[in-house]
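A.B. asks: Heads up: the sequence shown runs through residues 265 to 582, numbered per the numbering used here.
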Amino acid sequence: MFSRRAFLSGMLAAAAAASTASRLIGQTAAAASTATSPPAGNFLVRTPNGLMLAAQAQGDPAAPEILLIHGLGQCHLIWERQLRAPALAGYRLVSFDLRGHGDSDKPTDEAAYTDGTRWGDDVAAVIAAAALRRPVLVGWSLGGPVILNYLLKHGGTQVAGLNLVNAVTHFGADLLRPEAIKFARGLGSDDLAVRSQAIAEFLEGCFASPPPPDEFKRMLAFNGMVPRVVQRSVGKISDAGYDEVLSRFDGPLLVTFGAKDRHLFPKMAERVHDLNPRAQLSIYPESGHSPFYENPSRFNQELAKLVDGTVKSQRNDR
Numbered sequence: 265m266f267s268r269r270a271f272l273s274g275m276l277a278a279a280a281a282a283s284t285a286s287r288l289i290g291q292t293a294a295a296a297s298t299a300t301s302p303p304a305g306n307f308l309v310r311t312p313n314g315l316m317l318a319a320q321a322q323g324d325p326a327a328p329e330i331l332l333i334h335g336l337g338q339c340h341l342i343w344e345r346q347l348r349a350p351a352l353a354g355y356r357l358v359s360f361d362l363r364g365h366g367d368s369d370k371p372t373d374e375a376a377y378t379d380g381t382r383w384g385d386d387v388a389a390v391i392a393a394a395a396l397r398r399p400v401l402v403g404w405s406l407g408g409p410v411i412l413n414y415l416l417k418h419g420g421t422q423v424a425g426l427n428l429v430n431a432v433t434h435f436g437a438d439l440l441r442p443e444a445i446k447f448a449r450g451l452g453s454d455d456l457a458v459r460s461q462a463i464a465e466f467l468e469g470c471f472a473s474p475p476p477p478d479e480f481k482r483m484l485a486f487n488g489m490v491p492r493v494v495q496r497s498v499g500k501i502s503d504a505g506y507d508e509v510l511s512r513f514d515g516p517l518l519v520t521f522g523a524k525d526r527h528l529f530p531k532m533a534e535r536v537h538d539l540n541p542r543a544q545l546s547i548y549p550e551s552g553h554s555p556f557y558e559n560p561s562r563f564n565q566e567l568a569k570l571v572d573g574t575v576k577s578q579r580n581d582r
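1) Out of C470, G499, V519 and P555, state which residue places its alpha-carbon closest to the alpha-carbon of R526.
2) Taking 8 Å as the cut-off, does the segment 561–578 touch the segment 414–431 (at least 3 CB pairs, one atom from each stretch)?
3) In whole angstroms, what separates the C-alpha of T298 from that of Y355?
4) Compare the Cα-Cα distances from R459 to each of M489, D478, G323 and L415 and report the closest residue.
5) Given a cut-off of 7 Å, decide if A394 and Q565 are closer than it, judged by their beta-carbon atoms.
6) Should R305 be labelled buried (16 or more other beta-carbon atoms within 10 Å of its own) or exposed?
7) Looking only at its own chain, which residues have a Cβ that is under 6 Å from the Cβ of F563, when we skip the five neighbours before and after it?
8) Report, in whole angstroms, the separation of the C-beta atoms of L401 and S359, which I expect to be a contact under 8 Å.
9) Report the start-end ranges of each alpha helix (DSSP H) in the segment 422–491 that is 4 residues or longer and not cut off at the edges.
10) Report the option in A327, P409, N487 and P399 whose CA atom is closest to the CA atom of G384.
11) Please classify E374: is it buried, with 16 or more other beta-carbons within 10 angstroms of its beta-carbon, or exposed?
12) Pull up the distance between the alpha-carbon of G274 and that of P302, whole angstroms please.
13) Which residue wins for smallest C-alpha separation from P476, given the options E558, G419, V429 and L451?
14) Determine the contact status of D507 and L545, defining contact as a CB-CB distance below 7 Å.
15) Below 8 Å on the Cβ atoms is my contact criterion, and I expect H334 with G407 to pass it. Report the Cβ-Cβ distance as a whole number of Å.
16) Put A349 into one of helix, strand or coil per three-state DSSP.
17) On the CB-based measure, 16 or more other CB atoms within 10 Å of its CB, does R348 come out buried or exposed?
18) Taking one C-beta from the segment 511–518 and one from the segment 479–493 each time, how about it: are there three or more such pairs within less than 8 Å?
19) What distance in whole Å lies between the Cβ atoms of N413 and H553, which are believed to be in contact at a cut-off of 8 Å?
20) If you compare alpha carbons, which of Q320, D455, P399 and V390 is closest to R310?
21) Do G425 and the ligand HEM come close, with the Cβ less than 6 Å from some heavy atom?
22) Apply the 10 Å Cβ neighbour rule to R449 and answer buried if 16 or more other Cβ atoms are within range, or exposed otherwise.
23) So, helix, strand or coil for T520, using DSSP?
24) DSSP beta-bridge partners for W404?
25) According to the Cβ coordinates, are G337 and N487 closer than 7 Å?
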């Protein structure tokens, strides 16, 4: 006959075993789900150096893929005219907030932003976490150096094509308009009044025509979330190797540029074609620094055409 103590010990052991088994089964199921199911909606991405990036995914995982990479001071919300566009509804769209931006982690050390390899590793981490096969990378403004650092370290074998949108491809002062240099000084100021004014002027300078007031207010809010250490550091990213990467890239390459850009001279875009004659240069005469926002209809159609061309090219290569 069992004693009460033995009975209770047996029940506790059985419960513990059942709990452990249940936990292991749950962990296994979660791991299997993560391994086989591409994310939908909002998800987090852990970078190699431990940061958490906020990311978003929509569309059929089997569809052609587009990874949208925003510029300095912005976040994924700046792409809403792409994320809601009927012209891009048939594609897998993934966006994320760069380190130091939006809902992503914001380290306080300069090295987190001056080291270009970290920005490139972030892109690789997003591609892996989103289970992207061969996306077209779209990089606006600071998104240019982010993409180029990815290509420098990880190569282009996992990239179907590039769309550089008023993108920085070299940090030469002769390619930056005087206004951009003025904004850069103010954005990193220790004086909150100076910094706040610079954020507003920088954002205004991103458009040839101002956005609607309600949209501009929201943009101003997420621009103000970016720590000044980010603003002080991004100009120190080395651009060594950028030209070689651009000249060697052999996939479809679309260079989009708003002719009324108040931050960059047109030579910033033209030089990409000089480096890589295969690049297609698309000029938007009435747009400023943000043609994807200012002329979304044309931009979305050209992006869709670029992506469709990469799909056709892949089929022909088989």
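Yeah, the Cβ is synthetic: ideal placement off N, Cα and C, and Gly gets one too.
C.D. replies: For this structure:
1) Nearest of C470, G499, V519 and P555 to R526, Cα basis: C470.
2) By the Cβ test, the segment 414–431 is in contact with the segment 561–578, since at least three Cβ pairs between them sit closer than 8 Å.
3) Confidence is the limiting factor: at T298 the pLDDT is only 39, short of 50, which leaves the residue's position unreliable, though a coordinate-based value still follows. Spanning the two alpha carbons is a distance of roughly 21 Å.
4) Considering only alpha carbons, the answer is M489.
5) The answer is no: Cβ separation not under 7 Å.
6) Per the sequence shown, the amino acid found at residue 305 is Gly instead of Arg. With fewer than 16 Cβ atoms within 10 Å of its Cβ, G305 is classed as exposed.
7) Once the five neighbours on either side are set aside, the close Cβ partners of F563 are P555 and F556.
8) Between S359 and L401 the Cβ distance is about 12 Å, and since that is not below 8 Å, they are no contact.
9) The segment 422–491 contains these whole alpha helix (DSSP H) runs: 442–451, 456–468 and 477–487.
10) The shortest Cα separation from G384 among A327, P409, N487 and P399 belongs to P409.
11) Under this definition E374 is an exposed residue.
12) With a pLDDT of 41 at G274, under the threshold of 50, the predicted position of this residue should be treated as unreliable, though the coordinate-derived value follows. The alpha-carbon of G274 is positioned some 42 Å away from that of P302.
13) P476 has its Cα closest to that of E558, out of E558, G419, V429 and L451.
14) No, these two residues do not count as a Cβ contact at 7 Å.
15) H334 to G407, Cβ: 6 Å. Contact.
16) DSSP places A349 in coil when its eight states are reduced to three.
17) Result: exposed.
18) Two segments are said to touch when three or more pairs of C-beta atoms, one from each, lie closer than 8 Å; by this definition the segment 511–518 does not touch the segment 479–493.
19) 21 Å between Cβ atoms; not a contact.
20) If we check each option's Cα against that of R310, V390 comes out closest.
21) With respect to small molecules bound, the structure shown includes none, and the ligand HEM cannot be examined in it.
22) Label assigned to R449: exposed.
23) Looking at T520 - three-state DSSP - the assignment turns out to be strand.
24) According to DSSP, which records beta bridges pairwise, W404 is partnered with V429.
25) In contact: G337 and N487 (Cβ atoms closer than 7 Å).
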